[in-house]
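Chains as they are written, first to last, in my numbering: chain A, 19 to 294; chain B, 38 to 351; chain C, 9 to 514. Have a look at the structure below before the remarks.
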Amino acid sequence: MARVLRRMLRRPLGALGLLIVTALVVVAIFAPQIAPHDPTRPDFMAILQPPGDVYLLGTDELGRDILSRLIYGARASLQAGLIAVLLAAGIGVPIGLVSGYFRGPLDEYVVMRLTDAMMAFPVIVLALAMTAVMGPSLYTAMIAIGIVYSPIFIRLARAQTLSVRETEYVEAARALGNRHLGIMVKHVLPNIASPLVIQMSVSMATAILVESALSFLGLGVQPPTPSWGSMLRIGTNYMSEAPLISFWPGLAIFVAVLGINLFGDALRDVLDPRNR
Amino acid sequence: MVFFVLRRMLGMIPILFLITIGVFLVMQVLPGDPARMILGQEATPEALAAVRERLGLNQPLHMQYLSWLGNVMTGDLGRSMVDNSPVSRAILNALPVTLQITALALLVGLVIGVPAGVIAATSPGRLGDGVATFIGLTCISLPGFWVAVLLLYVFSLWLGWLPSSGFVRFSVDPWQSFLHSIMPAIALGLRPAGIFMRLVRSSMIEVMKSDYVRTARAKGLTARAVILRHGLRTSLIPLVTILSVEFAALLGNVVVIDTIFGLPGFGRLIFNSVLRLDLTMMQSLVLIFAVAVIVINLVTDILYFILDPRIKER
Amino acid sequence: MKRLLMLSTAAVIGTAMAAPGDLWAEPVRGGTLQVGLADDPPELDPHLTSSNASRTVLHNIFATLVEVDDELQIQPELAERWEVSEEGTEYTFYLREGVTFHDGTALDAEAVAFNFARMMDRDFGSARAGELAFVEEVTVDGPLQVTVRLSQPFGAFLPAMASWSGMMVSPAAVEEHGADFGQVLVGAGPFRFVERIRDDRVVLDRFDDYFKDGLPYLDQVIYRPFVDAESRIVNLETGSIHIINTVPGRAVSRVQDNPDIELSIVGGLGFRGIWVNTQSEELGTPERRAAVSACIDRRVVVDTVFGEAAVPAVGPFSPATWVVDSPDEAPHRDLDLSREMLEAAGVPDGFSFPLLITPDDESIRVASIYAAMCSEVGIDIQLQQVEFGTILSRMGEANYAAAQIELSPRNDPDLSAHPWFHTDGGVNFSHYSSEEMDRLLDEARAAVDQDERRALYREALEVFNTDFPYIFTYHLQEMKAFRTDLQGYRHIPDSMMRFEDVWLAE
């Protein structure tokens, strides 16, 4: 672990990615300590103010501090990314692993066809339907994203398992009479872990993008709780009077996603044996 | 080969069934009542009952599904529950808009991504490497809706060069049509541009290391000729396959882009039909979306098959 | 200007600004009018739809039995005159001679009777069945004479005949197209329906045989939906559309400052605020609802979000009606009263409830302000953005605590109160039942004299402000913004855009 980190830090882009991700996590965790104002408290005497001394990045359409809202918004984005990806991997990896390990008609005709079907299901429809049933919230959005991304993990885990199951040590473990579950957990999983970890970082960046798009459409975090996507959408209503309102949250999404992508790219370079 | 394609096509049928049943079930758990949606706030219980009857909503679930499926089989996609207009008409109106925008977006992706990838692959050293990675990841990380909003601000509100919303059909006025499509296409096309760039770069680096390029070099061909004749051509093959995947992803992203630019495309149709609880419209749209994605996947699979016969029995 | 807006007549308040450029200009024939709508109209069959986006289009395709004028007084239209029996239960209409539908069918007494039968046909499921519930029978007394008998007096019957229920459809077209009538739309109004492309446009052409000679002036009307308020205004500014049907409050001064655009403001008729489910756990007692109401500073809500585009509300009757005189009657913010009410409700530290809102900018802003204001006494409002249809369904099923959705403004106080707040009201979404309220609304409905009705509605206002079956916060002003080359536009407070006598200056 430490070795991986050290090797990543040797790459400038990897270091940059790590820096952004760390900053993001720190900001999200310590938002109440960092934010200069209450992010949901309106100030009706200071609506749509330009950046200034009291409000560093200005105020929004209800006189709320934009900087504080951006800081709190990091929480929603990070949570959405993390939980959605953990959910997707949590659903996808066991299914893919078992399916690839045993193969057979269940694998070919049920699991593969089901993932095909799921991958053809538009994310927005699922999110809208789930919102209608469960009520709109960050959690609904996270679960919807998690479910939509699980087929990617099913396929990846399955493909990797397929290539690992024929290797000598797995055959040897089988010959020694180890139980299937034991083989899968002890021998297969560690050998397919690095592509899965890389995929998780890539998916996390996408998940944050999708969550902000859903919030942009009103399906994610509910007002007045700040989220970057909904701030951006509200900001578009004030483009002629106060264009910066929609600029900041977009920049925040971009930097966060870029950071995670840089991090993931460096991770791939370090972990992927072909690049060594 | 023929057998492989046939088998894949037969395999599509159960997927489509699964999807239509999935959509149908999802629609059933939606809490809204289409009849109330149609009649609005002042609906009387009798009127609601009559509308449900007219729409066939009081039939048992499996009957509703079967009658919808039967109609689809005969090419009748049904009628919108909101205004009783044929679903096929709405789709035919929206499809050209979305096809034009997504095709243009892919073009933007190729025009930016391929040359950038070639340049990146041929500029040696760690600096060139880093810059290329950074630019590629930047394109991938830019949220399309933010780019859309920025473009709107600069080119419509500030400079006043481009129309901020709406669409003009190509058949009506090609130039206006282009002006209306260019910003949505850029907003949608940056992500594919980044992906294409990374792909072209990595596969070209691999190709340039290969034996036959070395041979070509040894024969005295210029670097430029080597890149164009060998490197680029070979790296286009994986590009074609990723192109189809990206096309499917674009279809998903048009929902947000249609909303921002007020485009009467597929994305708006799907979003509005969910908002309005237009069940028949939804079902048919998702079916078409799914068919598109599956066909694209099938094409990709076939391409893989042609390129790499080793996967025959997987 | 702000003071002027406080006036309470239904007259055109913004006349000074809205006056056509040159009152004596000669109307010009021809031209295509581009109209920007805030929503894509859904169902277009006038007897099925309840959407105002549809209705504003339909008024130009379908002529109504009677019309309303600038002051909401009933005027002749298809009916050149009418008689009402003494007890107010019999309306005899005398139709104009020689009126035809767009397909050439004669608009006579038989056609009117056919229309009533269509709207009252249970199997057809017309959204008009509710307001025609008192119609007992319709008889054809002569080729152009038709009588409608009601089971009880109904003060809002004629206003209803100037709206959807009065829109006459061609019997021949209905018989030919049946359920597809909404795709062909044959009426007797100034314009013929040509085509509609969902989410894109509705196109109307001039009807050459319109019964008013020389009208309409325009050759064509094209409606286009611009859901996004910003793009609606930008398109008006650049001149690609001539008129828009709603102006967001924050754009008022921007539009006023533009010399090419005229802004017309009249008192609006609808009411806005918070729907409450009086049967819900969270808001089931009047004390809890009163506590919420007392937290809300209606003036701040209006000033922050709407500016000149709204006025504070005291009840369902806007200051544009003859019931309420001034928006100053609206209750003031009183946190002490709110805490007192919380005490009385047994929740001195406050309580929390979910508020369903539609996902649009104005709705989110207003609700966020409510939440911030109520949090000061410990009332925690959790906002949830949900689609309009879902909210409507949940309200109908009493499966909600509080909601904020847009209502259609109606052109008579009875229609603004009776269906919504009477125990047996067709749209009693508050699931509210009060004997006193029922009595007042019933008596006002049966009363014919306006002073008597006013007194009864004033009494009802008292009940509204003790029971709070709805927390009234503001009335939107009715605004239209149009380019100065659009001439002759008459702004009617029912918010519908009628284009029969407007023209485009060269």
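Ideal Cβ positions, reconstructed from N, Cα and C, are used throughout, including at glycine.
Going by beta carbon distance, what residues of the same chain come within less than 6 Å of B/G304, once the five residues before and after it are set aside?
Excluding residues within five positions, the ones whose Cβ falls inside 6 Å are V291, V292 and D295.
So, at 8 Å on beta carbons, what are the nonlocal neighbours of B/V317 in its own chain, with the 5 sequence-adjacent residues on each side left out?
Strictly speaking, residue 317 of chain B in this sequence is Thr, with Val absent from that position. Here the set comprises W105, L114, G115, R116, S117, M118 and V124.
Between the beta-carbon of C/A299 and the beta-carbon of C/S248, is there less than 8 Å?
No, Cβ-Cβ distance for C/A299 and C/S248 is not below 8 Å.
What does the Cβ neighbour count give for A/K204, buried or exposed, with the cut at 16 atoms within 10 Å?
The residue is exposed, with fewer than 16 neighbouring Cβ atoms inside 10 Å.
I want to see whether chain A comes within less than 8 Å of C/D213, judged by CB atoms only; does it?
No, because no Cβ of chain A sits closer than 8 Å to the Cβ of C/D213.
Determine, using beta carbons only, whether C/V284 and C/Y478 come nearer to each other than 8 Å.
For C/V284 and C/Y478, yes; Cβs fall inside 8 Å.
Give the interface partners of B/W183 over in chain A, defined as CB-CB distance under 7 Å, in chain order.
Simply L250, G268, I271 and F272.
In this structure, what does DSSP give as the bridge partners for A/D83?
According to DSSP, A/D83 bridges with A/T77.
Please work out which residues of its chain come closer than 8 Å, Cβ to Cβ, to B/Q137, disregarding the five sequence neighbours upstream and downstream, and give them in chain order.
Excluding residues within five positions, the ones whose Cβ falls inside 8 Å are F207, S214 and S218.
Kindly provide the ranges of any alpha helix (DSSP H) runs that are 4 or more residues long and lie completely inside the stretch 183 to 212 of chain A, ordered along the chain.
The stretch 183 to 212 of chain A contains these whole alpha helix (DSSP H) runs: 186 to 193 and 198 to 201.
Would you identify the three-state DSSP class for B/A178, choosing helix, strand or coil?
It is worth fixing the name first, because residue 178 of chain B is Ser in this sequence and not Ala. Three-state DSSP puts B/S178 in a helix.
Any beta carbon from chain A within less than 8 Å of B/K349's own beta carbon?
Caution applies to B/K349, whose pLDDT of 45 falls short of 50 and renders its modelled position unreliable; the model cannot decide the point.
Does the beta carbon of C/D30 sit closer than 8 Å to a beta carbon anywhere in chain B?
Note that C/D30 scores a pLDDT of 49, beneath 50, so its modelled location is shaky and nothing firm can be said.
Count the other C-beta atoms from every protein chain shown that fall within 10 angstroms of the C-beta of A/F171, then say buried if there are 16 or more, exposed otherwise.
When all chains shown are included, A/F171 counts as buried.
Under a CB-based cut-off of 8 Å, is C/A135 close to chain B?
Yes, because at least one Cβ of chain B sits closer than 8 Å to the Cβ of C/A135.
Helix, strand or coil for C/S69, going by three-state DSSP, please let me know.
Rather than Ser, the amino acid found at residue 69 of chain C in this sequence is Ile. Correct three-state label for C/I69: coil.
Can you find a CB in chain C that lies within less than 8 Å of the CB of A/F120?
With 8 Å as the cut-off, A/F120 does not count as an interface residue toward chain C.
Near A/S230, what residues of its chain come up, given a Cβ to Cβ distance below 6 Å and the 5 sequence neighbours on each side ignored?
Only W246, G247 and I271 meet the Cβ criterion.
Does the CB of B/A169 have a neighbour CB from chain C at under 8 Å?
For B/A169, the answer is no, since every Cβ of chain C falls outside 8 Å of its Cβ.
If you reduce the DSSP assignment to three classes, tell me which class B/K246 lands in.
The answer is helix: DSSP assigns B/K246 an H, G or I state.
Quick check on DSSP: helix, strand or coil for A/R29?
Three-state result, A/R29: coil.
Tell me which residues of the stretch 368 to 394 of chain C have at least one Cβ-Cβ distance to chain A shorter than 8 Å, keeping chain order.
Residues D369, I372, R373, A375, S376, I377, A379, A380, Q390, L391, Q392, Q393 and V394.
Could you confirm whether any beta carbon from chain A is found closer than 8 Å to the beta carbon of B/L194?
Interface residue, yes.
Go to C/L158, then tell me how far its beta strand (DSSP E) extends in each direction, as first and last residue.
Looking at the DSSP string, the run of the beta strand (DSSP E) that includes C/L158 is Q153 to L158.
With 8 Å set as the bound, which would you pick, yes or no: does the beta-carbon of C/F234 sit closer than that to a beta-carbon of chain B?
Yes, its Cβ sits closer than 8 Å to a Cβ of chain B.
Which chain B residues sit within Cβ distance under 7 Å of A/L31?
Those within 7 Å of A/L31 in chain B are G167, T170 and F171.
Quick check: the Cα distance between A/G164 and A/A106, rounded to an integer number of angstroms?
Distance between the alpha carbons of A/G164 and A/A106: 4 Å.
For A/M137, would you say it is in contact with chain B, using Cβ-to-Cβ distances shorter than 8 Å as the test?
So yes, A/M137 belongs to the interface.
Do A/R81 and A/P60 have their C-beta atoms closer together than 8 Å?
Before going on, a small fix: residue 81 of chain A reads as Gly here, not Arg. Taking 8 Å as the Cβ cut-off, A/G81 and A/P60 qualify as a contacting pair.
Hey, which unbroken runs of the beta strand (DSSP E) at 3 residues or more fall wholly within the stretch 306 to 385 of chain C?
You should have 318 to 320 and 360 to 365.
Do C/R209 and C/R232 have their beta-carbon atoms positioned less than 8 Å apart in this structure?
Yes, Cβ-Cβ distance for C/R232 and C/R209 is below 8 Å.
Kindly confirm or deny that the stretch 161 to 173 of chain C and the stretch 64 to 84 of chain C touch, where touching means at least three C-beta pairs closer than 8 Å.
Yes, the stretch 161 to 173 of chain C is in contact with the stretch 64 to 84 of chain C.
Hey, would you say C/A411 sits closer than 8 Å to C/E290, going by beta carbons?
No, Cβ-Cβ distance for C/A411 and C/E290 is not below 8 Å.
Distance cutoff 8 Å, beta carbons only. Does C/D502 sit that close to anything in chain B?
So no, C/D502 is outside the interface.
Could you tell me whether the stretch 420 to 428 of chain C touches the stretch 445 to 463 of chain C, using the rule of 3 or more Cβ pairs below 8 Å?
Result yes; three or more Cβ-Cβ pairs closer than 8 Å.
For the stretch 391 to 454 of chain C, which segments carrying the beta strand (DSSP E) assignment without a break, of at least 3 residues, lie completely within its bounds, in sequence order?
Complete beta strand (DSSP E) runs here, min 3: 410 to 412.
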